[in-house]
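K.L.:
A single structure is presented below for examination.
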């Protein structure tokens, strides 16, 4: 491997996301954040308690019995894998969700409970810095013996992210200090030096967490470790094979049989296919993007773009969901995108948002921001009910009425993942750099951004995503020269832009899909951006066999679906002619206020079949009204049918 500059020598991220306290979120996302702050954050804590997680992490309590049995798939997993191993990660994400929620809305009782959990972890930590409730309490003596299967570093990563968030939101640094000590321990165990292990995450997560830790502490050692784990992945001799032999196991004796499952089949710079477990892949690529940005690593950036192209040209659902298979919670073959059986784990769409957001660290580009918006508005928040109390693990694109939200899960990774993403949504909306700011997502909000020489406050006034009119007011202490980047989504067929009422030539101003306006800005300057939110019928690539002859509806960033409650006939009988004209109507009393799409369509008639199952004559058709709602809001009313891909006319 070629030598790379240290973080002190390397270019820092051109654009960094703001911290949660820098952005006040209102409008569409304000309602979602409020639901998490008012309900979800408490629910996550209480359901972790009900599952018995605190019994495992509290060293003052008796060691508990095994609450979740080992998976019994074969001789290997029957004694190796249980979701109880990664309870630390669920608590880490719950702490992170609580941190952002506490900033949004004071909740002294929840804060007291989270402080108590942090105290438990501080007391549990061993003198050398090691911290794992599973390997200290449930399987002592086995630490660092099976990184491939047992989520040890993954748990560390989520606890680090929770620690950073809790420090940023509350100013309390106890958990940050605890996790810095643990990261120091990990850095002493793993690395390129003599006597160190050459290991890395079996379930990637630590890489991106270490970057967050480096940024908040200023300690470049954590950045170096993140880079090492990215660089080391997939190198020969293969670490997972070596550690298996060291514990007396056959390296081939594991459930998925291929290192593609955890993306360690090749060094990361040689990978060009998105394979394996979908969440692992997204977390790895997010960590790679951070490292590529921080170190100016063009080879890593090229690998990321190859992987990006593969995902977006062959393996991504129209909703931004990904990973069609329940068998490996991940990817199968090119263009294999079944609808009713789609796995499309909530965590995977959240992971895609993470990856896309980190690609924007290298500079504004609609290629990444559009994908981030798609995943955030559709494939991820579909996993959280509107009131913040119920969840989806899988997000299919078709249901006969039997796929409904649940309270909790034996593998509860998705609830706190979508909770922390929604609660921190302001950090995805903007980017800040030396002399530059970027607006990636449009939402009624106010952001105070650091451009190095000054602070810039941007206030967005908009009803987006229901309306494409976006007003932005600039506030600066004194006239300040900086570049403002405004995303013009690729889905937008017509847009206009003006500054202080004077039109801006978008063709001349656009670069990588963003309008770039560099000028000396004064307090009170105004920007008006109008995006046309046309209703479009989308078609899938002909190789996506499940969608041949079908269309789906999209308006702006939102994918739509039909639900049985609005369309009282079998949804697969409906045909949508190409010439159908849709009207968009805002219904304030429906699903907490949504724009619905209405049209006249055709439906196959069943009343004249007289008990026949087959006949030579084609079905007759009748005209029927149809109404579509945003996909993210489905299954928030009475259970029933749902369909994203509709038959074409």
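Numbering (the UniProt record's numbering), first residue to last: 1 to 649.
C-beta: ideal position from N, C-alpha, C; glycine also.
Would residue 460 be called buried (16 or more neighbouring beta carbons within 10 Å of its own) or exposed?
P.N.:
Answer is buried; the Cβ neighbour count reaches 16.
K.L.:
What is the residue span of the beta strand (DSSP E) that residue 558 lies within?
P.N.:
Taken as a continuous stretch (DSSP letters only), the beta strand (DSSP E) holding residue 558 covers 558 to 563.
K.L.:
What do you get for residue 586, buried or exposed, if any count of 16 or more other CB atoms within 10 angstroms of its CB means buried?
P.N.:
That one is exposed.
K.L.:
Going by DSSP, what residue range makes up the alpha helix (DSSP H) through residue 431?
P.N.:
Element bounds for residue 431: not the alpha helix (DSSP H) but the beta strand (DSSP E), 430 to 433.
K.L.:
Take residue 381 and list the residues in its own chain whose beta-carbon comes closer than 6 Å to its own, dropping the five residues that flank it on each side.
P.N.:
Once the five neighbours on either side are set aside, the close Cβ partners of residue 381 are 632.
K.L.:
Report the three-state DSSP secondary structure of residue 127 (helix, strand or coil).
P.N.:
Correct three-state label for residue 127: coil.
K.L.:
Are the CB atoms of residue 295 and residue 227 within a distance shorter than 8 Å?
P.N.:
Result yes, Cβ atoms of residue 227 and residue 295 sit closer than 8 Å.
K.L.:
Determine, using beta carbons only, whether residue 120 and residue 58 come nearer to each other than 8 Å.
P.N.:
Cβ atoms of residue 120 and residue 58: closer than 8 Å.
K.L.:
Please classify residue 614 as buried or exposed, where buried requires at least 16 neighbouring CB atoms within 10 angstroms.
P.N.:
Exposed, because fewer than 16 other Cβ atoms sit within 10 Å of the Cβ of residue 614.
K.L.:
Give a yes or no on contact between the segment 182 to 197 and the segment 123 to 133, applying the rule of three or more CB pairs nearer than 8 Å.
P.N.:
Contact between the segment 182 to 197 and the segment 123 to 133 is present, because at least three Cβ pairs lie under 8 Å.
K.L.:
What runs of the alpha helix (DSSP H), each 4 residues or longer, lie entirely inside the segment 398 to 458?
P.N.:
For the segment 398 to 458, whole alpha helix (DSSP H) runs of length 4 or above, ordered along the chain, are 414 to 423, 426 to 429.
K.L.:
Roughly how many angstroms separate the alpha carbons of residue 462 and residue 238, rounded to a whole number?
P.N.:
Approximately 52 Å, taken between the alpha carbons.
K.L.:
With C-beta atoms as the reference, is residue 604 less than 8 Å away from residue 573?
P.N.:
Cβ atoms of residue 604 and residue 573: closer than 8 Å.
K.L.:
Determine the closest residue to residue 432 out of 554, 457, 142, with distance taken between C-alpha atoms.
P.N.:
The shortest C-alpha separation from residue 432 is found at 457.
K.L.:
Can you name, in chain order, every residue of its own chain whose Cβ lies under 8 Å from the Cβ of residue 170, other than the five neighbours on each side?
P.N.:
Once the five neighbours on either side are set aside, the close Cβ partners of residue 170 are 99, 102, 103, 111.
K.L.:
I'd like the span of the beta strand (DSSP E) that includes residue 528, first residue to last.
P.N.:
526 to 531 is the span of the beta strand (DSSP E), which, as asked, contains residue 528.
K.L.:
In the structure shown, what three-state DSSP assignment does residue 566 receive?
P.N.:
Coil, per DSSP.
K.L.:
Please classify residue 9: does DSSP put it in a helix, a strand, or coil?
P.N.:
Only weak support exists for where residue 9 lies, its pLDDT of 39 falling under 50; the value from the coordinates is given anyway. It is coil, neither helix nor strand.
K.L.:
Less than 8 Å between the C-beta atoms of residue 160 and residue 124, yes or no?
P.N.:
No.
K.L.:
Have a look at residue 207 and residue 288 and give me their C-alpha separation to the nearest angstrom.
P.N.:
Each residue's alpha carbon lies about 8 Å from the other.
K.L.:
Along the alpha helix (DSSP H) that carries residue 473, what are the first and last residues, could you check?
P.N.:
Here residue 473 belongs to no alpha helix (DSSP H); instead the beta strand (DSSP E) covers 469 to 475.
K.L.:
Report the residue from 405, 464, 537, 415 whose alpha carbon sits nearest the alpha carbon of residue 26.
P.N.:
Selected option, being the one with the closest Cα: 464.
K.L.:
Should residue 468 be labelled buried (16 or more other beta-carbon atoms within 10 Å of its own) or exposed?
P.N.:
With 16 or more Cβ atoms within 10 Å of its Cβ, residue 468 is classed as buried.
K.L.:
Determine which residues share a DSSP beta bridge with residue 642 and list them.
P.N.:
Partner(s): 399, 563.
K.L.:
Is the segment 393 to 410 touching the segment 431 to 449, taking contact as three or more C-beta pairs under 8 Å?
P.N.:
The segment 393 to 410 is not in contact with the segment 431 to 449.
K.L.:
State the Cα-Cα distance for the pair residue 367 and residue 593, rounded to the nearest angstrom.
P.N.:
Answer to the nearest angstrom: the Cα atoms are 29 Å apart.
K.L.:
Following the continuous alpha helix (DSSP H) through residue 95, name the residue where it begins and the one where it ends.
P.N.:
Element bounds for residue 95: 87 to 104.
K.L.:
If I follow the unbroken alpha helix (DSSP H) through residue 464, where does it start and stop?
P.N.:
From DSSP, residue 464 is part of no alpha helix (DSSP H); its letter is neither H nor E.
K.L.:
May I have the straight-line CA-CA distance separating residue 518 from residue 510, to the nearest angstrom?
P.N.:
Roughly 12 Å between the two C-alpha positions.
K.L.:
What span of residues does the alpha helix (DSSP H) with residue 370 cover, start to end?
P.N.:
Residues 366 to 374.
K.L.:
My understanding is that residue 664 touches residue 596, with C-beta atoms under 8 Å, so please give their C-beta distance in whole angstroms.
P.N.:
Residue 664 falls outside the range modelled here, since the chain spans only 1 to 649, and no answer is possible.
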